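Residue numbers (the numbering used here): 29 to 166.
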Amino acid sequence: MTLTGSCMCGGVHYTADVDKYLSALCHCTDCQKWTGGAFTSNAVVPRTSLKVTKGSPSTYDAVGDSGKINKHFFCPTCGSSLYTELELMPDMTCIKAGGLDNGEANLGGKVDIEFYVKDRPSYLAAVEGAKQESAFGG
Ligand SMILES: [Zn+2]
Ligand SMILES: [Zn+2]
29 MTLTGSCMCG
39 GVHYTADVDK
49 YLSALCHCTD
59 CQKWTGGAFT
69 SNAVVPRTSL
79 KVTKGSPSTY
89 DAVGDSGKIN
99 KHFFCPTCGS
109 SLYTELELMP
119 DMTCIKAGGL
129 DNGEANLGGK
139 VDIEFYVKDR
149 PSYLAAVEGA
159 KQESAFGG
């Protein structure tokens, strides 16, 4: 399948050609800060599959709990969160699924795994059927 996505102002567009992807929610406090929301929803795809087709994202390097860099890509004009590349996962890119077009923000209605559930707001329930990880890779 070909995933396509864009930021809120349309200045940045991207595509990713993938057979399938892992769908993951992350509840860590960096994701909360970066998005202003309760969590990020992610389509985790091979890094080589992602191509920026319009515009040029800005980046911000955050240092994760691991001490490794989590590179954040966002639109320099509207600030939309686009995707992250974790030094811990050098072959993968975490597309922020809210930016996906054609209804794919729904992640096919399925969440494979939730990370950092220790930081999940108490008003949110675990997604039924999703693997629960206290932090990342724990
Ligand atoms: Zn934008
Ligand atoms: Zn996170």
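Think of the CB as a built atom: it goes at the ideal place given N, C-alpha and C, for glycine as much as any other residue. Predicted model only: the values in this text are computed from it and were never measured.
For residue 89, there is no enclosing alpha helix (DSSP H); the residue is part of the beta strand (DSSP E) that begins and ends at 86–91.
Residue 42 is a Cβ neighbour of residue 111, given a cutoff of 9 Å. With contacts defined by Cβ atoms closer than 9 Å, residue 39 and residue 104 form a contacting pair. Contact between the stretch 142–150 and the stretch 54–64 is present: three or more C-beta pairs spanning the two stretches fall below 8 Å. Ranked by how close their Cα comes to the Cα of residue 109, the residues 82, 94, 128 have 128 in first place. Not a single heavy atom of ligand 2 lies less than 8 Å from the C-beta of residue 101. Per the Cβ contact rule, the stretch 119–134 is in contact with the stretch 74–89 (3 or more Cβ pairs under 8 Å). In the same chain as residue 114, and ignoring 5 residues on each side of it, the C-beta atoms closer than 6 Å to its own belong to 98, in chain order. Within a 10 Å sphere around the beta-carbon of residue 135 sit 16 or more other beta-carbons, which makes this residue buried. Proximity of the beta carbon of residue 38 to ligand 1 is indicated: a heavy atom of the ligand is located closer than 8 Å.
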